[in-house]
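Down below is the structure, laid out as structure tokens.
Put into structure tokens, the structure is as follows:
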């Protein structure tokens with residue numbers, strides 16, 4: 001493969017990011033576009049190789065690094081070359097999990113393979129042990145491959161359980177998967193169940209915080225709904241993180257509905273938490289004195 005020829009092709013392709021939408025593409029190259037998403041557009045190079053062109057270099061760098069880590073496993077597409085705003089990789093074929101589950105049941109064997117996939121994410125060094133079902137492909141031999149792995153190394157989007165995968169499965173298949181998990185890995189099931197309860201509690205706390213500026217008694221009562229076991233301090237820390245994530249998520253939704261710029265809303269929320277953290281630290285220091 002000639003990287004010089006690839007870069008010549010890339011010069012005839014313009015990809016621009018769109019807020020809360022798929023990228024806009026102007027393609028003056030001979031390459032066929034075969035897909036696009038929030039980060040970039042994918043073009044067919046050969047029957048087995050594609051080129052993904054990104055709207056910004058940061059997304060490209062993240063995905064390139066994630067794919068580099070994933071080369072330790074056959075669950076990731078082969079990586080051939082990369083530039084500032086493009087990656088040349090293997091075309092992942094097969095059927096994506098979203099399409100597959102529309103006509104086929106979620107069996108215990110498939111659930112086991114999904115658990116294996118999450119374990120692989122952990123083993124290769126990803127931050128986010130999670131993936132959406134539409135980005136997981138079932139191969140003709142029953143094995144799994146994944147695409148769009150750039151977000152897996154983005155620490156800001158980490159949840160302590162595979163929230164995106166579970167929610168994307170839908171209510172029925174989520175229940176099936178969790179029942180399989182309970183049989184196959186009971187300790188892991190208990191941990192994930194705990195964090196799901198914590199998130200539900202976080203959403204209740206968010207509603208309290210939204211209605212009243214300060215209501216420590218109400219938050220305290222809600223907190224007692226969770227049975228804290230093992231390392232209590234660690235679980236309190238995880239609960240605090242989940243409250244922040246839920247608050248940010250729900251508040252962005254509220255502001256988007258009112259027509260505000262999402263980037264400015266997220267920036268304002270981050271500053272709010274920074275100020276709250278400083279006040280909390282100062283309060284602790286005063287109590288020590």
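Numbering (the numbering used here), first residue to last: 1 to 289. Idealized CB from N, CA, C, for every residue including glycine. From a predicted model like this one, the values you see are computed outputs, not experimental measurements.
Can you check whether the CB of residue j is closer than 9 Å to the CB of residue i?
i: residue 49; j: residue 41; result: no
i: residue 138; j: residue 94; result: yes
i: residue 168; j: residue 197; result: no
i: residue 151; j: residue 128; result: yes
i: residue 188; j: residue 136; result: no
i: residue 190; j: residue 161; result: no
i: residue 13; j: residue 28; result: yes
i: residue 201; j: residue 111; result: no
i: residue 242; j: residue 194; result: no
i: residue 108; j: residue 183; result: yes
i: residue 1; j: residue 92; result: no
i: residue 117; j: residue 146; result: yes
i: residue 296; j: residue 90; result: Not covered by the structure: residue 296. The range shown for the chain is 1 to 289.
Residue i to residue j, Cα distance in whole Å?
i: residue 130; j: residue 165; result: 6 Å
i: residue 71; j: residue 38; result: 24 Å
i: residue 46; j: residue 21; result: 28 Å
i: residue 268; j: residue 204; result: 22 Å
i: residue 124; j: residue 76; result: 11 Å
i: residue 36; j: residue 73; result: 25 Å
i: residue 229; j: residue 103; result: Bear in mind that the predicted position of residue 229 carries a pLDDT of just 48, short of 50, making it too unreliable to give a figure here.
i: residue 113; j: residue 23; result: 32 Å
i: residue 291; j: residue 5; result: Nothing in the structure corresponds to residue 291, since the chain is present only between 1 and 289.
i: residue 271; j: residue 80; result: 41 Å
i: residue 16; j: residue 179; result: 43 Å
i: residue 207; j: residue 246; result: 10 Å
i: residue 100; j: residue 142; result: 12 Å
i: residue 226; j: residue 140; result: Residue placement at residue 226 cannot be trusted, given a pLDDT of 49 that sits under 50; what the coordinates show is reported in the next sentence. Distance between the alpha carbons of residue 226 and residue 140: 43 Å.
i: residue 174; j: residue 122; result: 21 Å
i: residue 44; j: residue 30; result: 10 Å
i: residue 177; j: residue 67; result: 27 Å
i: residue 260; j: residue 7; result: 38 Å
i: residue 96; j: residue 144; result: 9 Å
i: residue 3; j: residue 26; result: 21 Å
i: residue 69; j: residue 171; result: 32 Å
i: residue 120; j: residue 65; result: 16 Å
i: residue 209; j: residue 163; result: 23 Å
i: residue 126; j: residue 159; result: 12 Å
i: residue 199; j: residue 211; result: 19 Å
i: residue 264; j: residue 57; result: 21 Å
i: residue 253; j: residue 18; result: 17 Å
i: residue 11; j: residue 185; result: 49 Å
Starting from residue i, follow the beta strand (DSSP E) in both directions and report where the run begins and ends.
i: residue 4; result: From DSSP, residue 4 is part of no beta strand (DSSP E) but of the alpha helix (DSSP H) over 3-10.
i: residue 15; result: 13-18
i: residue 27; result: 21-27
i: residue 37; result: Looking at the DSSP string, residue 37 is not in any beta strand (DSSP E), and its letter there is neither H nor E.
i: residue 260; result: Element bounds for residue 260: n/a, residue is neither H nor E.
i: residue 129; result: Here residue 129 belongs to no beta strand (DSSP E), and DSSP marks it neither H nor E.
i: residue 137; result: 136-138
Checklist entry - What are the complete alpha helix (DSSP H) segments, minimum 4 residues, inside the region 140-192? => result 163-184
Next on the checklist: Runs of 4 residues minimum, wholly inside the region 49-111: which ones carry the alpha helix (DSSP H) assignment?
Outcome noted: 57-70 and 97-103
Checklist entry - Should the region 80-87 be called in touch with the region 50-64, which here means at least 3 C-beta pairs below 8 Å? => result yes
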